[in-house]
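Residue numbers (our numbering), protein chains in the order written: chain A, 123 to 237; chain B, 162 to 271. In this text, a Cβ means the ideal position worked out from N, Cα and C, and glycines have one as well. All values reported here derive from a predicted model rather than from experimental measurement. Following: one structure in structure tokens, then a few remarks.
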């Protein structure tokens, strides 16, 4: 079974530039999550989708971050404009059923460096 | 008080040692509990769920104490390959959002 796919794996941009990350969850997984993990910290949930609807985006900085999950499969996360403090690993995860009751499978992450 | 707290460590133990990690949570209505493992520069992977009655998987034992609001992870007969960061995860609320601890770093030495 193919795992969660993410691209790109690494990205270096200057502050105030824009960047987009892509995620393809495991086939059949209805729930998709985007996390931000800063070095030395645990993952922080940015947004959770159930199919193509948003379940939780309370920690998403909506002035600069946006995410969408068209057709309830792939998802993109965008940052515009980026700040230095956005340097982190952006992890995408999926699960069969949401609401925290089932195992989440993570992709390899995108390591973002903002200079 | 943080929603989920862990001792960041690092814990340095010799091979064969027994090591235990604790994790405390603030929301008494928390419903689900997990331990994830994260290797350096890798993504987190589920190690085990934590059930009310406690559960064991080989050398790993997880326990939940609802009264004191903590969960624990015990690793027996530590292996070099156990070196990693162990993340405590708790879900609560209507949408059962997952709250992650900062992780506990374990280094098993030969």
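Linking residue 127 (chain A) to residue 214 (chain A) through their CA atoms gives a straight-line distance of about 8 Å.
Shown here, residue 218 (chain B) sits in a strand according to DSSP, grouped into three states.
DSSP places residue 217 (chain A) in the strand class (E or B) of the three-state scheme. From the beta-carbon of residue 166 (chain B), no residue of chain A is found nearer than 8 Å; the closest lies around 11 Å away.
Residue burial is scored here from C-beta neighbours: residue 179 (chain B) has fewer than 16 other C-beta atoms within 10 angstroms and is therefore classed as exposed.
Residue 207 (chain B) has a beta carbon lying within less than 8 Å of a beta carbon in chain A.
If you check the CB distance, residue 154 (chain A) and residue 131 (chain A) do not come in under 8 Å. Residue 230 (chain B) is a Cβ neighbour of residue 185 (chain B), given a cutoff of 8 Å.
Taking residue 259 (chain B) as reference, the option from B:170, B:192 and B:176 with the minimal CA-CA separation is B:192. Secondary structure at residue 266 (chain B): strand, using DSSP grouped into helix, strand and coil. At a beta-carbon threshold of 7 Å, the residues of chain B lying near residue 225 (chain A) are 207, ordered along the chain.
At a beta-carbon threshold of 9 Å, none of the residues of chain A lie near residue 163 (chain B); the nearest stands roughly 10 Å away.
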